[in-house]
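Novice: Sharing a structure below in structure tokens format, with a few things to ask.
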Ligand SMILES: *Cc1c(COP(=O)(O)O)cnc(C)c1O
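In the UniProt record's numbering, the protein residues as written are 1 to 383.
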């Protein structure tokens, strides 16, 4: 870690490359769409997208049009799907940037086709069916009208339906009963789309867990997110993914305190012996979850130490007991030899996804990797 940095998240792009290749091998008949929404789960959208595309992914997936346009602005021309849209959005920039737009409702379909008409071009869309998650996706009862309307707009040269897709209920248990039922509903929806005259070339359903562990969900393309970042997605199974991110900081203050010293807001923690406290310049605004106060640990000098008392917005305190640490000592907070992201998720009562996406914008991202070094232009790279 750099001497003058308060904290940094180091992302090993070779791990992203390894994970992309591993998932691609597990789904050999499908294309891989690397899901890089939410700044690539906090890892940095553009570098991760480049690494995934160079190592087995041929598509990128994001939530919003703004994210899609950020990838295009970085010069990434790969096929790209975005899927969280409001009917009140201005779709013109995304259409001109060749972004596939997901459609779950006639309102969004009409908004997109109006923008396409205004531009005098054809928008490429992918129709989403709700096969049971009850989140986005058209309800089964609305599907026949949606595919008829889409077919009409294809005839009018305003849209082209490239794909039909859906999302699984059991994100970490793809072998369960839900998945079998969803596959059945999905096949019916695809058949109805074809019967209406559509000719989708891409059908897709699988997230990371399903890509690794449920071949029947693979269809033409799989959409891994969390697996790319190295978190094993199927409960109780290990596929050999490698985590990519390490969050580190340096102590900025070390002081001796007597036994019985209360620490941080509300004095939830009291030292049990004469000893030492170390101050770490990371807080919940940087993604160290406040809800892990009283449980979280970090690695300093090769040893685990407890976080003492409440995690504050910008800093937390570590109870070193009688151990020593100098000011400027490295603190491994997440990943590397320190606590795994899954431990943080347990301490905070959440998922690794939320821990990663919570890492704040004050934390500098730095990229490493031998195999991927040539992909980094603007980003710093230490091979
Ligand atoms: C986030 C997301 C994914 C990735 O899911 P993981 O379980 O992280 O692999 C795939 N598809 C959609 C629609 C998503 O929103």
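Every residue, glycine too, gets a C-beta built ideally from N, C-alpha and C.
Buried or exposed: residue 269, going by 16 or more other Cβ atoms within 10 Å of its Cβ?
Specialist: So residue 269 ends up on the buried side.
Novice: Which of helix, strand or coil does DSSP assign to residue 381?
Specialist: In this predicted model, residue 381 has a pLDDT of only 49, less than 50, meaning its place in the structure is not dependable; the value taken from the coordinates is given anyway. Residue 381: strand per DSSP, three-state reduction.
Novice: Taking residue 342 as the reference, which of 246, 265, 328, 63 has the closest Cα?
Specialist: Out of 246, 265, 328, 63, 246 has the C-alpha closest to the C-alpha of residue 342.
Novice: So, with DSSP's three-state summary, where would you put residue 237?
Specialist: Residue state, collapsed to three classes: coil.
Novice: Going by the beta-carbon positions, is the gap between residue 309 and residue 318 smaller than 8 angstroms?
Specialist: Not a contact, by the Cβ cut-off of 8 angstroms.
Novice: For residue 319, which residues does DSSP report across the bridge?
Specialist: According to DSSP, which records beta bridges pairwise, residue 319 is partnered with 277.
Novice: Helix, strand or coil: how does DSSP classify residue 226 here?
Specialist: In the structure shown, residue 226 sits in a helix (DSSP, three-state: H, G or I).
Novice: Find out if the Cβ-Cβ distance for the pair residue 101, residue 94 is shorter than 8 angstroms.
Specialist: Yes, Cβ-Cβ distance for residue 101 and residue 94 is below 8 angstroms.
Novice: So which of 222, 65, 165 has the shortest CA-CA distance to residue 23?
Specialist: For residue 23, the nearest C-alpha among the options comes from 222.
Novice: Quick one: any contact between the stretch 280-294 and the stretch 356-363, if contact means 3 or more CB pairs under 8 angstroms?
Specialist: Result yes; three or more Cβ-Cβ pairs closer than 8 angstroms.
Novice: Within 10 angstroms of the Cβ of residue 124, are there 16 or more other Cβ atoms? Answer buried if so, exposed if not.
Specialist: Classification of residue 124: buried, given that the 10 Å Cβ count is 16 or more.
Novice: Output the distance between the C-alpha atoms of residue 381 and residue 240, rounded to the nearest integer angstrom.
Specialist: Residue confidence is low: residue 381 scores 49 on pLDDT, short of 50, so the model does not pin down where it sits. Its coordinate-derived value is still stated next. When rounded, the distance between both Cα atoms is 25 angstroms.
Novice: Touching or not, the stretch 144-154 and the stretch 180-187, by the rule of three or more beta carbon pairs under 8 angstroms?
Specialist: These segments do not touch.
Novice: Please report the distance separating the alpha-carbon of residue 253 from that of residue 273.
Specialist: Distance between the alpha carbons of residue 253 and residue 273: 19 angstroms.
Novice: Kindly confirm or deny that the stretch 291-302 and the stretch 206-218 touch, where touching means at least three C-beta pairs closer than 8 angstroms.
Specialist: The stretch 291-302 vs the stretch 206-218: no contact.
Novice: My guess is that residue 66 and residue 80 are in contact by the Cβ rule of under 8 angstroms, so how many angstroms apart are they, rounded?
Specialist: Going by Cβ atoms, the distance from residue 66 to residue 80 rounds to 12 angstroms, so no, they are not a contact pair.
Novice: Ligand 1 and residue 58: does the residue's C-beta get closer than 7 angstroms to at least one heavy atom of that ligand?
Specialist: Checking every heavy atom of ligand 1 against the Cβ of residue 58, none is found closer than 7 angstroms.
Novice: Within the present structure, is the beta-carbon of residue 233 separated from the nearest heavy atom of ligand 1 by less than 7 angstroms?
Specialist: Result yes, Cβ under 7 angstroms from ligand 1.
Novice: Compute the Euclidean distance between the alpha carbons of residue 347 and residue 340, then round it to the nearest angstrom.
Specialist: Cα to Cα, the separation comes out at about 11 angstroms.
Novice: Is the stretch 193-210 in contact with the stretch 5-12, if contact means three or more CB pairs nearer than 8 angstroms?
Specialist: Not touching, per the Cβ criterion.
Novice: Where are the alpha helix (DSSP H) runs, 4 residues long or more, that stay fully inside the stretch 178-214, in chain order?
Specialist: Counting whole runs of 4 or more residues, the stretch 178-214 contains the alpha helix (DSSP H) stretches 208-213.
Novice: Could you give the DSSP three-state label for residue 367: helix, strand or coil?
Specialist: Here residue 367 sits in strand by DSSP.
Novice: From residue 14 to residue 255, what does the alpha carbon distance come to, in whole angstroms?
Specialist: Cα to Cα, the separation comes out at about 39 angstroms.
Novice: Apply the 10 Å Cβ neighbour rule to residue 37 and answer buried if 16 or more other Cβ atoms are within range, or exposed otherwise.
Specialist: Buried is the call here.
Novice: Does the Cβ of residue 322 have 16 or more other Cβ atoms within 10 Å, making it buried, or fewer, making it exposed?
Specialist: Per the 10 Å Cβ criterion, exposed.
Novice: Could you tell me whether any non-hydrogen atom of ligand 1 is closer than 7 angstroms to the CB of residue 396?
Specialist: This structure cannot speak to residue 396, because the chain is shown only from 1 to 383.
Novice: Between residue 367 and residue 53, what straight-line distance do the alpha-carbon atoms span, to the nearest angstrom?
Specialist: Cα to Cα, the separation comes out at about 16 angstroms.
Novice: Fully enclosed by the stretch 28-88, which alpha helix (DSSP H) runs are 4 residues long or longer?
Specialist: Fully enclosed alpha helix (DSSP H) runs of 4 or longer: 37-41, 45-54, 65-73.
Novice: Quick check on residue 155: buried or exposed, where buried means 16 or more other Cβ atoms within 10 Å of its Cβ?
Specialist: Looking at its Cβ environment, which holds fewer than 16 other Cβ atoms inside 10 Å, residue 155 is exposed.
Novice: Thinking C-alpha only, which one of 106, 111, 163, 114 is nearest residue 139?
Specialist: Nearest option by C-alpha distance: 106.
Novice: My understanding is that residue 244 touches residue 85, with C-beta atoms under 8 angstroms, so please give their C-beta distance in whole angstroms.
Specialist: No, residue 244 and residue 85 are not in contact; Cβ-Cβ is about 29 angstroms, not under 8 angstroms.
Novice: For the alpha helix (DSSP H) containing residue 21, list its first residue and its last residue.
Specialist: Taken as a continuous stretch (DSSP letters only), the alpha helix (DSSP H) holding residue 21 covers 13-26.
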